[in-house]
Structure formats: C-alpha cells, structure tokens
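Chemist:
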Amino acid sequence: MTSTVHRTCPLCEAVCGLTLTLDDGGHVTSVRGDKADPFSKGFICPKGASLGRLDEDPDRLRAPLIREGDRWREVSWDEAFAAVERGLAEVTAAHGRQSAAVYLGNPSAHTMAGALYGAPLIKSLGTRNVFSASTADQMPKHVASGLMFGHPLAIPVPDLDRTGYLLMLGANPLESNGSLCTAPDFPGRLKALRRRGGRLVVVDPRRTRTAASADEHVFVRPGTDAYLLFGIVHTLLAEDLVTLTHRVNGLDEVREAAKHFPPDLVARRTGVPAEVIVRLARELAAADRAAVYARIGTCTAEFGTIAQWLVDVLNTLTGNLDRPGGVMFPKAATEFGGRRGPYRVGRWRSRVRGLPEANGELPVATLADEIETPGEGQVRFLVTVAGNPVLSAPNGDRLDRALAGLDFMVSVDPYLNETTRHAHVILPPPRILQSGHYDFALLGFAVRNYARYSPPLLPLGDRPSEALILSRLAMIASGLDGDLDEFVIGQQLAKAVETPGSGVEGRDPAELRALLEGETGAERRLDLMLRLGPYGEWAGGGDLSLRKLLDNPHGIDLGPLEPRLAEVLRTASGVVELAPPLLLEDVDRLRAGLDAEPPELVLIGRRHLRSNNSWMHNVGPLVGGSNACTLQINPVDVARLGLGGEAVVRSATGELTVPLEPTDTIMPGVVSLPHGWGHQGSSQTVAAKHPGVSANTLTDESAVDVPSGNAVFNGVPVRISPTSMISAH
Numbered sequence: 001m002t003s004t005v006h007r008t009c010p011l012c013e014a015v016c017g018l019t020l021t022l023d024d025g026g027h028v029t030s031v032r033g034d035k036a037d038p039f040s041k042g043f044i045c046p047k048g049a050s051l052g053r054l055d056e057d058p059d060r061l062r063a064p065l066i067r068e069g070d071r072w073r074e075v076s077w078d079e080a081f082a083a084v085e086r087g088l089a090e091v092t093a094a095h096g097r098q099s100a101a102v103y104l105g106n107p108s109a110h111t112m113a114g115a116l117y118g119a120p121l122i123k124s125l126g127t128r129n130v131f132s133a134s135t136a137d138q139m140p141k142h143v144a145s146g147l148m149f150g151h152p153l154a155i156p157v158p159d160l161d162r163t164g165y166l167l168m169l170g171a172n173p174l175e176s177n178g179s180l181c182t183a184p185d186f187p188g189r190l191k192a193l194r195r196r197g198g199r200l201v202v203v204d205p206r207r208t209r210t211a212a213s214a215d216e217h218v219f220v221r222p223g224t225d226a227y228l229l230f231g232i233v234h235t236l237l238a239e240d241l242v243t244l245t246h247r248v249n250g251l252d253e254v255r256e257a258a259k260h261f262p263p264d265l266v267a268r269r270t271g272v273p274a275e276v277i278v279r280l281a282r283e284l285a286a287a288d289r290a291a292v293y294a295r296i297g298t299c300t301a302e303f304g305t306i307a308q309w310l311v312d313v314l315n316t317l318t319g320n321l322d323r324p325g326g327v328m329f330p331k332a333a334t335e336f337g338g339r340r341g342p343y344r345v346g347r348w349r350s351r352v353r354g355l356p357e358a359n360g361e362l363p364v365a366t367l368a369d370e371i372e373t374p375g376e377g378q379v380r381f382l383v384t385v386a387g388n389p390v391l392s393a394p395n396g397d398r399l400d401r402a403l404a405g406l407d408f409m410v411s412v413d414p415y416l417n418e419t420t421r422h423a424h425v426i427l428p429p430p431r432i433l434q435s436g437h438y439d440f441a442l443l444g445f446a447v448r449n450y451a452r453y454s455p456p457l458l459p460l461g462d463r464p465s466e467a468l469i470l471s472r473l474a475m476i477a478s479g480l481d482g483d484l485d486e487f488v489i490g491q492q493l494a495k496a497v498e499t500p501g502s503g504v505e506g507r508d509p510a511e512l513r514a515l516l517e518g519e520t521g522a523e524r525r526l527d528l529m530l531r532l533g534p535y536g537e538w539a540g541g542g543d544l545s546l547r548k549l550l551d552n553p554h555g556i557d558l559g560p561l562e563p564r565l566a567e568v569l570r571t572a573s574g575v576v577e578l579a580p581p582l583l584l585e586d587v588d589r590l591r592a593g594l595d596a597e598p599p600e601l602v603l604i605g606r607r608h609l610r611s612n613n614s615w616m617h618n619v620g621p622l623v624g625g626s627n628a629c630t631l632q633i634n635p636v637d638v639a640r641l642g643l644g645g646e647a648v649v650r651s652a653t654g655e656l657t658v659p660l661e662p663t664d665t666i667m668p669g670v671v672s673l674p675h676g677w678g679h680q681g682s683s684q685t686v687a688a689k690h691p692g693v694s695a696n697t698l699t700d701e702s703a704v705d706v707p708s709g710n711a712v713f714n715g716v717p718v719r720i721s722p723t724s725m726i727s728a729h
C-alpha cells in the first residue's frame, strides 16, 4: 500500500509544492512537482527531487550526542539537556551573560522552529553576541531597505510576471532558484518575460546559465557593481530621464553624489564600456515596466550596501517603485505589527573590532575575534542552530581553531560536521517529514501573494520536535518553567487587542485564545498569526486560518502583488529616504577607489543547482558531475600562468590546491570556486568521498562591507601558481 501526500519543499527559497509517494513504512518512493500548487504549478528541481534521500540520510543523527574528549556517546534527551544546563550555568556564573553567543545558520530560515523560536532563545540568553548566515549573505539589502523605507524587511522584489525589462546583477536564479525573491520556476518566469517581448539583461563576471539565457550578458569586474550602478544613476540625472512617482527626500544629495561617477570614469573601474552604461540607463528609463534586481554577488562585496541602495534608487528614479511590473512589496499572510522607531544600525558594536550591529546581529566575520580575544565579554559559550560556519564564514580555518577553545558549545543540528564536531552536546532535530512546515520569512519576498502549510507526515515517536528542542533551550537559558508557546501567544494577543484598528481591538484575549486550533504550540502560533494577518478573519481581510490551509493542502493563491508603499513605509519622515546619511558617508570610500588598479586576479563564488551551501553534499544524486569543487578560470589565464590540471591558490589568509576547470564563460583575471565544500575527514559518508576544498580558507575576515558588516566573498585578491612550483621548491 502506498499513500500520496503533499508538501512544500524546504530546501531553498523557491517554496515549490511537491507530491510525495510513501510506502507503508513511511519511506519516500517518489517525488514529483505538485501540479495543483497555484504558485509552483508542478515545477521541481534536482534538490526537491532528492528530498526523500535527504530525509532518510543514514548519517543523520537519531539521538543526542555528548562529547567526552575525542569520543562521542549517545545519551537520552534528559541527560543531554541536563548537560547543557550545567554547561551554561558554569560559564555564565564565572563570566556573565555576555560570555554566551548564538549562531543561526541558513537552514534555520527554512524551518518553522528556526523562525518561531530563534528570537526567544536569544532573548533568554540575554546576550548581544548574536551571529547568523545573514552577514555572510544578505545583510546589505536589509540595511539599505531599512534606511530607505524604515524597516529591514521592507524589501521590494521584481514583479517578474508583469515586468517588461529586467536588469539583473550578481544573481544566477537558474541555479540558485532565486534569493530574496521567492519565485518557483524562476527559469520559466524569465522565459515568459522574453516570450511577451520583454528584455533580460544580466550583469555578471561569469556567463552563468542565467546569463546565457538572457538577451544580453554584460561582463563586470567583481566588486565594482556599485560603480556601475552609480554610472547609470549619473546618466539618468544628467540626461533628465528621471520619473518620480512617490515623494522622496534626498534627490539633490543623490544628484551631487552621482556627479563623481560619470560613465567614462566608471567604465575604467568596472570594465563595462561607457556606451553600454549609458544605453542601460536609457533602456531602463524608456521601458514601460522595468525592474532592477541584484543579489548575493553584489551583497558579498566591498560595497555591498551601496550597491543594494543604488538598486532601489534606480527603481525609484525610473518610476518603477511599488508599481506593477516594477518592484513591489509582497504581503505576507502572517504580517502583523504596528509602527516602530526609525531604523538604525550600530546600536551597539562588537567588543574587539567595533563592528556595527545590524538587525540585532553582529558580523559573523568577527566571531573568531570574540572567541579568541581575552577580556570581559569574551565568548566562552556558543549555541549553533543548523549552521556550519567553519565552511561558510570568512577565514573558516581560523574559526575552526577558535571553536576548539570554547568552554562549552551546544549544536542543534542533524549532522556531526566540520562545525558541530567542536560541540560538547549535539541535539539533532527530527527528520524533515516529521516536522510541520510554513515559510514565515520567504513568503515575505514572494513574487505573488500565497500561503501554504504542510503538516508533519510522519509521527515523532519518542523524540522531541525541533520546536520543543529550541523552546527547552530557551527555558533553560531563562531559568523559568512553563509553556513558551502559551507565553508568546498571550503576549501577541495582548498586543493585538490593544492595537487600534487591529480587528480584535478591545476583545477578550482569553476568548480569542480559545478559538485557536493546532496540534502543537507551533501550529497554534501559526494559526494566531494567520488570523491576525492581512488575509485573516481577525483583521477583516478574509478568512485565512490554519484550518483553511489544512483544508487546502496545495496552497492558496492570494493574488498578484499590489501597490502598498504607504502601508510599508516606516521612515520618520513618512517618505522614501533616497539619500540616507550613513550611505552618503560610505560614498566617500567608494570614490576613493574609483581610480584604483584592479588586482591581477580575484576570486568569486559560484552556485550549483544541485547544492545549497554545505548541507546537501551528503546525498549521492546531488554530488558529482557539474556539482564539483573546481576552480573555473579563463584559458587566457591558464596559458599566461603556465598552469596544468591543478594549481595552488593563495590569498592573505591561506592557500589551497585545486583542480582547474578552464572555461571562457569567466572573465580573464577572475577565478571562481563554489561555496560550502571542504569535507576532508568528514563523518558524513558521501561528503567524505567528495570533499572538495573550502573557499573560505581564502576569504579574509578582516574585509567587510562597512555599513552592514557583511563578509566580502567576491573580489578577493588571490595569486595562482602551478603545483609543480611546490614540488620544485
């Protein structure tokens, strides 16, 4: 007997619907795209097709582990939590609460537990030492959006299904499936753009799969996107091609700043001809509906925040902000909250390097500093949740050494990996199919308003859910007993009934609590958020609730994006801040590099369709073939440097011996190494057979984007030599 079930894929940002076939033992026998899903319409990628293999990976931990010296021992959940409680108590008693730190990895954004329980855990620990994958990825976009629109999650996304012109920088959605732009079947949406007569222009140092499918591919030197964007802004202003459809502050300041970046000067810095820069500006201005979209290649660069700011300066100056076919603000079904104060960064700074806080986080680039440097506030206790920063943070080799010196470390992770091997206690979450799934974060970046909930497909048995693991850690840290979910629900209901115009203003919280449904605390919290959200019955926007999502297992289409800038703006002025002072200050740093000579060779990253950072390298069908850890290099550089089949790559922080992949799809002077590899000696069976090397041996933790603290992974200066020089030496 088999059964057919439906589920949202949790493996990347595309939120595709899947149809799974399970046998009597709960094993996945097939995975197909869910054709009845109104958002993904049957699209599936190799990652989603391998969900069953990932879910049943024999190397996943089934029970908690405690490390005793170099050996691991399986223990009961009670013994594991008791060990955590002792470890935290001993460290904080001796060194205070600021000796604790938290690191949240990328997969935590893809789980309900990570979204709902990360913040309570941080609050319970009472520390400002909070780190996450966001500062190795997207923090520049949050900072730019926060300064322009007043909230770091007010991120406009391209209205892909209606735009007529898309300028894309540093993004490769045909392999990444999209990022900060939730769009299942991104490839199909780009094809549809071109079929309806639209134009796609991709700016990238590599001719990626996305670039190869575009109407035009423009090569650009890594790390110079901000110069290119300023050159386009300069042209729009100089040629009087501006169309403003919203009230803004700071147009004169942007005009003054842009004067210093004329296309002829920008061309020398970027490698993009001046005539191309001018043409791109004119095409954007002339397009009936246009959008500029830039992602990780532009975020993880020296001027990441300026680049992200200029993306939306361009969208604003061309009249495409908050407009169908331009860039728009999605309406997440769980969105609720009153106004908050004006957005700021740097409310506190890191102890050692003085790097600024952003969104309540410190840059992961300084985590090793905080662990290694003695003194008051030195990090001695660390909690990691679903992350592998040894492979994903800059100068991972140094961080690897630093983690070994911690007094106590606890990891919530399904694997014993390069990072969790340093933990004293590992608490493994259950299998994917044993967990409910709702994309709290990702649906806030969706190109169409949509909601879908996937309940657990398999019973938990005698082990706790990930939600219970994290809530138990939060209660241990707080020293309190009780039901964390009920506490949070009570707080949210109290706020809702006191919020003017909330739809439940003045009602009895106890009455409302009695109406909530759900088998678990996490489900009841989801039900509350849906009911209070813009489509919920308690907000007067509809009848959305947990029950309605359960009755519609393929998901619910909530309609196309609609103009809503007035709802979204949280700036003190109530208008778009086109020239935030913090970013204008950083323009001086940008100007200083305008005449700089580019390094002879620079390193950039690379995405793979069958990979997502370091956590999918233990699934056989996803490893090998094109998903290999090679250094892409232009044949011109191979000949110039006298290289063979492999070479030694050196940077300011380390060196690697890597196999070469000569290809003319990459610019001369640029080399590319994929992110998340380096599994030498791993206890993960498949990963150990395909270890690759860690690109973050070469990245420099001292190099960050100044306003956001984001790590710099693109444009890293490197030197390359033949391996024969080593043996000769």
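1 is the number of the first residue of the sequence shown in full-length UniProt numbering; add one for each residue after it. Where a beta carbon is used, it is the ideal one built from N, C-alpha and C, also for glycine. It should be emphasised that the depicted structure is a prediction, and the values quoted were computed from it without experimental measurement.
(1) Measure the C-alpha to C-alpha separation of alanine 89 and arginine 73 and round it to an integer number of angstroms.
(2) Taking DSSP's pairing of strands, which residues face leucine 147 in a bridge?
(3) According to DSSP, what are the bridge partners of proline 560?
(4) Could you tell me which whole beta strand (DSSP E) segments of length 3 or greater appear in the region 194-275?
(5) Should the region 501-520 be regarded as contacting the region 530-544, the criterion being three or more beta carbon pairs within less than 8 Å?
(6) Using a Cβ-Cβ cut-off of 7 Å (strictly less than) and excluding sequence neighbours within five positions of leucine 310, which residues of its own chain qualify?
(7) Measuring alpha carbon to alpha carbon, tell me which of Ala332, Gly337, Gly375 and Glu335 ends up nearest arginine 351.
(8) Just the C-alpha distance for cysteine 16 and aspartate 557, rounded to the nearest angstrom, thanks.
(9) Less than 6 Å between C-beta atoms, sequence neighbours within five positions excluded: which residues of the same chain meet that for methionine 409?
(10) Under 9 Å between the Cβ atoms of proline 262 and alanine 281?
(11) Going by beta carbon distance, what residues of the same chain come within less than 7 Å of glutamate 655, once the five residues before and after it are set aside?
(12) Which class does phenylalanine 329 belong to by DSSP, given the choice of helix, strand or coil?
(13) Pop quiz: leucine 391 and asparagine 696 are said to be a contact at Cβ under 8 Å. What is the actual Cβ separation, rounded to whole angstroms?
(14) Report the residue from Ala688, His617 and Arg347 whose alpha carbon sits nearest the alpha carbon of asparagine 627.
(15) Apply the 10 Å Cβ neighbour rule to arginine 196 and answer buried if 16 or more other Cβ atoms are within range, or exposed otherwise.
(16) Buried or exposed for lysine 191, please, with buried defined as at least 16 other CB atoms from any protein chain shown within 10 angstroms of its CB.
(17) So is arginine 86 buried or exposed if we call it buried at 16+ other beta carbons inside 10 Å?
(18) Run through the DSSP bridge pairs and tell me what tyrosine 117 is partnered with.
(19) For phenylalanine 487 and proline 120, I'd like the C-alpha separation in whole angstroms.
(20) When burial is assigned at 16 or more other CB atoms within 10 Å of the CB, is glycine 126 buried or exposed?
(21) Could you tell me whether the Cβ atoms of leucine 174 and arginine 209 are closer together than 9 Å?
(22) Given that a residue counts as buried once 16 or more other Cβ atoms are within 10 Å of its Cβ, and exposed if not, what is glutamate 335?
(23) Can you give the Cα-Cα distance for asparagine 320 and alanine 212, rounded to whole angstroms?
(24) On the DSSP letters alone, give me the boundaries of the alpha helix (DSSP H) that valine 75 sits inside.
(25) Mind reading off the beta-carbon distance from alanine 14 to glycine 178? Whole number of angstroms is fine, and I expect it under 8 Å.
(26) Could you give the C-beta distance for leucine 546 and leucine 526, rounded to a whole number, given that I count them as a contact under 8 Å?
(27) If I follow the unbroken beta strand (DSSP E) through glycine 17, where does it start and stop?
(28) Could you check which residue in Glu256, Val248 and Ala494 has the C-alpha nearest to that of glycine 506?
(29) Identify, in the order they occur along the chain, each residue of the same chain with its Cβ nearer than 7 Å to the Cβ of asparagine 613, setting aside the five sequence neighbours on each side.
(30) How is the alpha helix (DSSP H) around glutamine 492 delimited, first residue to last?
(31) Ends of the alpha helix (DSSP H) at glycine 676?
(32) Which one or two residues does DSSP pair with asparagine 627 in a beta bridge?
(33) Bridge partners for leucine 544 per DSSP, in chain order?
(34) In chain order, which alpha helix (DSSP H) runs of at least 4 residues are fully inside the region 374-462?
(35) If you measure between the beta carbons of alanine 333 and alanine 451, is that distance less than 9 Å?
(36) Please classify asparagine 388 as buried or exposed, where buried requires at least 16 other C-beta atoms within 10 Å of its C-beta.
Modeler: On the basis of the data shown:
(1) 22 Å
(2) None, per the DSSP bridge assignment.
(3) Arg448
(4) 199-203 and 216-218
(5) yes
(6) Ala226, Leu229, Phe230 and Val233
(7) Gly375
(8) 13 Å
(9) Leu382, His422, Ala423 and His424
(10) no
(11) Val648 and Val649
(12) coil
(13) 6 Å
(14) His617
(15) exposed
(16) exposed
(17) exposed
(18) Bridge partners of tyrosine 117: none, in fact.
(19) 11 Å
(20) exposed
(21) yes
(22) buried
(23) 26 Å
(24) Taken as a continuous stretch (DSSP letters only), valine 75 belongs to no alpha helix (DSSP H), as it is neither H nor E.
(25) 6 Å
(26) 6 Å
(27) 17-23
(28) Ala494
(29) Asn106, Ser392, His675 and Gly676
(30) 484-498
(31) That residue, glycine 676, is in no alpha helix (DSSP H); it is neither H nor E in DSSP.
(32) Gly624
(33) Gly536
(34) 389-392 and 396-403
(35) yes
(36) buried
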